[in-house]
Amino acid sequence: MNQPVTEPLGPTSSKRLRTLLLGAGSLGRAFLRRLRDQGAPVDLVGVVTAHHGRRLDPAGFEAGALLGLIETEGLGEHGPNDFKKMLELTKPDVVVECIPQNIRSGEPALGYMRTTLDQGVHLVTANKAPIVLGYRDLLHRASRTGAKFRFEATVLDGLPIFTFLSQLQGAKVTRVRGVLNATSSVVLESVQLGSTRSRGLARAQAQGIAEADSVLDLDGWDAAAKLALLANVWMGGALRIVDVARSGCDSVKDEKIRLSAEAGAHYRLVGEVVRQNDGIIRAQVEPAAIEPNDPLYSLKGSCGGLTVETDQGHQFTLLQQVAGIDDAAAGLVHDIKALVAGLPQV
Ligand SMILES: NC(=O)c1ccc[n+]([C@@H]2O[C@H](COP(=O)([O-])OP(=O)(O)OC[C@H]3O[C@@H](n4cnc5c(N)ncnc54)[C@H](OP(=O)(O)O)[C@@H]3O)[C@@H](O)[C@H]2O)c1
Numbered sequence: 082m083n084q085p086v087t088e089p090l091g092p093t094s095s096k097r098l099r100t101l102l103l104g105a106g107s108l109g110r111a112f113l114r115r116l117r118d119q120g121a122p123v124d125l126v127g128v129v130t131a132h133h134g135r136r137l138d139p140a141g142f143e144a145g146a147l148l149g150l151i152e153t154e155g156l157g158e159h160g161p162n163d164f165k166k167m168l169e170l171t172k173p174d175v176v177v178e179c180i181p182q183n184i185r186s187g188e189p190a191l192g193y194m195r196t197t198l199d200q201g202v203h204l205v206t207a208n209k210a211p212i213v214l215g216y217r218d219l220l221h222r223a224s225r226t227g228a229k230f231r232f233e234a235t236v237l238d239g240l241p242i243f244t245f246l247s248q249l250q251g252a253k254v255t256r257v258r259g260v261l262n263a264t265s266s267v268v269l270e271s272v273q274l275g276s277t278r279s280r281g282l283a284r285a286q287a288q289g290i291a292e293a294d295s296v297l298d299l300d301g302w303d304a305a306a307k308l309a310l311l312a313n314v315w316m317g318g319a320l321r322i323v324d325v326a327r328s329g330c331d332s333v334k335d336e337k338i339r340l341s342a343e344a345g346a347h348y349r350l351v352g353e354v355v356r357q358n359d360g361i362i363r364a365q366v367e368p369a370a371i372e373p374n375d376p377l378y379s380l381k382g383s384c385g386g387l388t389v390e391t392d393q394g395h396q397f398t399l400l401q402q403v404a405g406i407d408d409a410a411a412g413l414v415h416d417i418k419a420l421v422a423g424l425p426q427v
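Residue numbers (the working numbering): 82 to 427.
Below, the structure is given as structure tokens:
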């Protein structure tokens, strides 16, 4: 370890990546299910959780067997507890990180990410806050060792928005507006359809799409984290999550949502980040009525989308037609395939 990545991956590579998975909750398990059912260029060398144990073996595991253990007696305590020693033992090509987000510090995920890249190991993450808080630092560390990090699953699950935007050579994003949090969409739609917020939340939790702490979804923190991430990655910003002006779902009453639905509009948590003419980047998230002439109007259920404008006149909208935990797992697999294909850092 401590050596730069020596074996370049590229367009002709048929390589499989030795993969260490951190976190096997809703998303980590969906990732394991996908490996078991659909396959991917992945050789699993370990899975680590907080309370369901850890299992690490450089000889590798079959995804279905580990999934079975996690869902029954747990993984046991096999392998070292120290993260650097885990890397030394399993010698992964990539760490796939799916642990809960900590919007204040990004930890402990941010520390794992730094160590991963410092050791020349690629990183795929679904965790927003560490990218918001550490993007430049992670880029710097990655460039020192030749490792890459990718994070498609952080925003709109499996819709590969970062890969897509990286194709707009030289264009600078000036505005993004979108519906970015699935749980709040399910909750507000539940009210719109005559049911209750608590039933909507229960449905989102059953689908595995709610954050462990649902306040992060309903009070707009998760959407704010995504906006700050897009500002920092696409606009060269240095926003913190608290820099995003934020009103949560509670700031709109049920009656207003239903009256608005009768008039043909859908309430959603809508986020916007804009680079102003003075160069300052402003971001906000709040419940807003989406009218029929809005490109985001067709969104249903947990599906999200975003409209992007650039300084070169691009203006387009990307909409999810499928969303949810399996789609987020597809985002992780997309990133692994992008590493194998040698796609550039986004
Ligand atoms: N769920 C989604 O639809 C979705 C979509 C896109 C992105 N994400 C992001 O993906 C991440 C995971 O989400 P999730 O819904 O899967 O969360 P989750 O269900 O709460 O699972 C989190 C997993 O991380 C483990 N964990 C916690 N602290 C750990 C640590 N220090 N070291 C190793 N493992 C640790 C937990 O272990 P125990 O199970 O033993 O407690 C659990 O297995 C979050 O950052 C979330 O924002 C989620």
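Backbone N, C-alpha and C fix where the C-beta goes; we use that ideal spot for every residue, glycine too.
Secondary structure of residue i, DSSP reduced to three states
i           : result
residue 371 : strand
residue 273 : helix
residue 413 : helix
residue 211 : helix
residue 286 : helix
residue 221 : helix
residue 314 : helix
residue 174 : coil
residue 97  : coil
residue 230 : strand
residue 324 : helix
residue 420 : helix
residue 125 : strand
Segment limits, alpha helix (DSSP H) that includes residue i
i           : result
residue 249 : Careful: residue 249 lies outside any alpha helix (DSSP H) and carries neither H nor E.
residue 119 : 107-119
residue 240 : Run containing residue 240: none; DSSP gives neither H nor E here.
residue 296 : 296-299
residue 336 : 335-343
residue 197 : 190-199
Close Cβ partners of residue i (< 6 Å) along its chain, the five nearest in sequence each way excluded
i           : result
residue 83  : With a pLDDT of 43 at residue 83, under the threshold of 50, the modelled position of this residue cannot be trusted, and the question is left open.
residue 46  : Absent from the structure is residue 46, since the part of the chain shown begins at 82 and ends at 427.
residue 142 : 125
residue 281 : 267, 268, 271
residue 211 : 187, 190, 191, 194
residue 154 : none
residue 427 : 243, 247
residue 150 : 156
Selection from the options that minimises the alpha carbon distance to residue i
i           : options            : result
residue 497 : 260, 106, 105, 123 : In the structure as shown, the chain begins at 82 and stops at 427. Residue 497 is therefore absent and cannot be evaluated.
residue 178 : 166, 308, 103      : 103
residue 312 : 226, 293, 256      : 256
residue 345 : 331, 424, 371      : 371
residue 404 : 385, 373, 294      : 385
residue 397 : 327, 115, 375      : 375
residue 130 : 109, 390, 247      : 109
residue 223 : 286, 211, 263, 200 : 200
residue 237 : 411, 186, 205      : 411
residue 331 : 301, 184, 288      : 301
residue 146 : 167, 113, 121      : 113
residue 258 : 424, 307, 152, 181 : 307
residue 340 : 329, 284, 274      : 274
residue 381 : 365, 193, 261      : 261
residue 383 : 289, 128, 116      : 289
residue 350 : 360, 343, 378, 206 : 378
residue 407 : 352, 234, 211      : 234
residue 121 : 216, 365, 226, 96  : 96
residue 360 : 314, 325, 318, 285 : 318
Sequence-distant residues of the same chain with beta carbon closer than 7 Å to residue i, five excluded per side
i           : result
residue 139 : 126, 170, 171, 172
residue 333 : 348, 368
residue 419 : 231, 244
residue 185 : none
residue 148 : 110, 113, 114, 117
Cβ pair residue i, residue j closer than 8 Å
i           : j           : result
residue 323 : residue 98  : no
residue 304 : residue 320 : no
residue 228 : residue 191 : no
residue 159 : residue 195 : no
residue 119 : residue 240 : no
residue 132 : residue 156 : no
residue 175 : residue 100 : yes
residue 277 : residue 271 : yes
residue 391 : residue 283 : no
residue 387 : residue 399 : yes
residue 364 : residue 353 : yes
residue 325 : residue 216 : no
Near ligand 2: residue i beta-carbon under 7 Å from a heavy atom
i           : result
residue 198 : Looking at this structure, you won't find ligand 2 anywhere; what it does contain is ligand 1.
Start-to-end residues for the beta strand (DSSP E) that takes in residue i
i           : result
residue 386 : 386-391
residue 140 : 135-142
residue 352 : 347-356
residue 156 : First-last for residue 156: undefined, no H or E at that position.
residue 396 : 396-400
residue 257 : 254-260
residue 132 : Run containing residue 132: none; DSSP gives neither H nor E here.
residue 205 : 203-206
Own chain, CB closer than 8 Å to residue i, minus 5 neighbours either side, in chain order
i           : result
residue 292 : 181, 182, 264, 298, 303
residue 249 : 391, 393, 395
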